[in-house]
Amino acid sequence: MDVINSIGRRKAAVARVFMSEGSGKIVINKRELEHYFPSSILQFIVKQPLNKLNVAEKYDIKINLQGGGYKGQSEAARLAISRALVKLNPEDKPALRAEGFMTRDPRVVERKKPGRPGARKRFQFSKR
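Residue numbering for the sequence shown follows our numbering, starting at 2 and increasing by one per position.
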């Protein structure tokens, strides 16, 4: 098997995944998953598609993460891993789609508008 690559995005985060056959090792920006994401919840989010298909010990995954925060990065990695798994085996797509792992979440921060303190907030209004 060759190296399968895919991209996932969430908010400002971009994840590039390189997947090959191996022993289940996940490396993010040249660091182990446990060191990059100390929180067990974020580790769980990254591993969700692998656990759903019971292939956690079958592939070695190298992830290049840029931008965003911890949550956005973990969800971008989840999307990229899901896309790579579908490239390997297209029959897995319905199972991953049912869990919502194949959907790019389009929600991003709304921009600040001129003449206002924030995106939606207005300065205090005085009638008199």
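For glycine and all other residues, C-beta sits at the position ideal for the given N, C-alpha and C. Nothing here was measured: the structure is a model prediction, and the numbers come from that model.
Determine the burial state of residue i: buried for a count of at least 16 other Cβ atoms within 10 Å of its Cβ, exposed for fewer.
i    : result
R11  : buried
S40  : exposed
G9   : buried
F126 : exposed
A3   : The sequence shown places Asp at residue 3, rather than the Ala named in the question. So D3 ends up on the exposed side.
P115 : exposed
E100 : exposed
With residue i as the anchor, note down where its alpha helix (DSSP H) starts and where it stops.
i   : result
Q44 : S41 to K53
V87 : Y71 to L89
K94 : K94 to E100
For the beta strand (DSSP E) holding residue i, just list the boundary residues, first then last.
i    : result
A14  : A14 to E22
K122 : Where K122 is concerned, there is no enclosing beta strand (DSSP E), given that its DSSP letter is neither H nor E.
Compute the beta-carbon to beta-carbon distance between residue i and residue j, rounded to the nearest angstrom, for a pair I have assumed lies under 8 Å.
i    : j   : result
V47  : A78 : 5 Å
A81  : S7  : 5 Å
G42  : L34 : In the sequence as displayed, the identity of residue 42 is Ile instead of Gly. Not really, about 13 Å apart at Cβ, beyond 8 Å.
I5   : L89 : 6 Å
G73  : A14 : 4 Å
M20  : I62 : 5 Å
L205 : K53 : Residue 205 cannot be examined here, being either before or after the span of the chain that is shown, 2 to 129.
L66  : A16 : 5 Å
S83  : F38 : About 17 Å; that fails the 8 Å criterion.
Could you have a look at residue i and say whether DSSP puts it in helix, strand or coil?
i   : result
D35 : Here residue 35 is Glu; the residue named in the question, Asp, does not match the sequence. Helix at E35.
V28 : strand
G9  : strand
D61 : strand
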